[in-house]
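Engineer:
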Amino acid sequence: MLNPKTSGNLAVFVGALLLTILPMQVCAGDLVFAEYISSEGQKIVMELEIQSPAPNTVIVIQHLPKGTGIKQSDPPFDKYNPKRCEAKWLLRKVKPGTLRISMEITGSVKAGEIRGEVRYKDPSTGRMSKIHVSP
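First residue of the sequence shown: 65, per the working numbering; consecutive thereafter.
1. Hey, Glu181 and Val197: beta-carbon distance below 8 Å or not?
2. Since Val221 and Trp153 are thought to touch, with beta carbons under 8 Å apart, how far apart are those beta carbons, to the nearest angstrom?
3. Are the CB atoms of Pro160 and Ile114 within a distance shorter than 8 Å?
4. On the criterion of 16 or more Cβ atoms from any shown chain inside 10 Å, does Met192 qualify as buried, or is it exposed?
5. Whole angstroms is fine: what's the gap from Gln106's alpha carbon to Ile195's?
6. Leaving aside the five residues before and after Ile101 along the sequence, list all residues of the same chain whose C-beta is less than 8 Å from its C-beta, in chain order.
7. CB-CB under 8 Å to Cys91, same chain, minus the five flanking residues each way: which ones, in chain order?
8. Please name the residue in Thr162, Ser166, Ala151 whose C-alpha comes closest to that of Pro139.
9. Please list the segments of the beta strand (DSSP E) lying wholly inside the stretch 99 to 150, counting only runs of 3 or more residues, in order along the chain.
10. Quick check on DSSP: helix, strand or coil for Gly161?
11. With DSSP collapsed to three states, give me the class of His196.
12. Hey, how far is the Cα of Lys135 from the Cα of Ile178?
13. Hey, Leu155 and Thr121 are a contact pair by Cβ (cut 8 Å); roughly how many whole angstroms apart?
14. Between Glu99 and Ala175, which are expected to be in contact by the criterion C-beta below 8 Å, what is the C-beta distance as a whole number of angstroms?
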């Protein structure tokens, strides 16, 4: 049996502990989740799930196999380095929700031949995050 005098203190302690831990768990999650919807053939689609508070800017980097070019992309890429086969998007003023980046490439790729990166700064903490995306 718990002592009635100390059980109230225990309840206050547990409540304070939960109030401290629960917000940490909510903040510990990534603000951006990314996955490939399509990663083979000539069309590549990466989907981003943006949580709130949304980062001001999200940088997406798409690595392609050597000799692969991009015919078109939506949204249009900001920079493409053909020597590195690397496309970059600088997405500004993003809002919470789903965002897709699709591209039509020259040639055809297999799922294991591509990879991506997503970088952003948490607006609450200023901490930079980098997510590696693979099919």
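Positions of the beta carbon are idealized from the N, C-alpha and C atoms, including for glycine. Remember, it's a predicted structure, so these values are computed and weren't measured experimentally.
Structural biologist: Considering the structure as presented:
1. yes
2. The chain is shown only over 65 to 199; residue 221 falls outside these bounds and no answer can be derived.
3. Yes. Within cutoff.
4. exposed
5. Cα-Cα distance, rounded: 24 Å.
6. Answer for Ile101: Val109, Met110, Glu111, Arg164, listed in chain order.
7. For Cys91, the predicted structure reports a pLDDT of 38, less than 50, and the residue's modelled location is therefore unreliable. A value from the coordinates is still provided. Answer for Cys91: Ser188, Thr189, listed in chain order.
8. Nearest C-alpha to Pro139: Ser166.
9. 105 to 114, 121 to 127, 134 to 138, 143 to 145
10. strand
11. strand
12. Pairing Lys135 with Ile178, the inter-Cα distance amounts to about 16 Å.
13. 7 Å
14. Between Ala175 and Glu99 the Cβ distance is about 12 Å, and since that is not below 8 Å, they are no contact.
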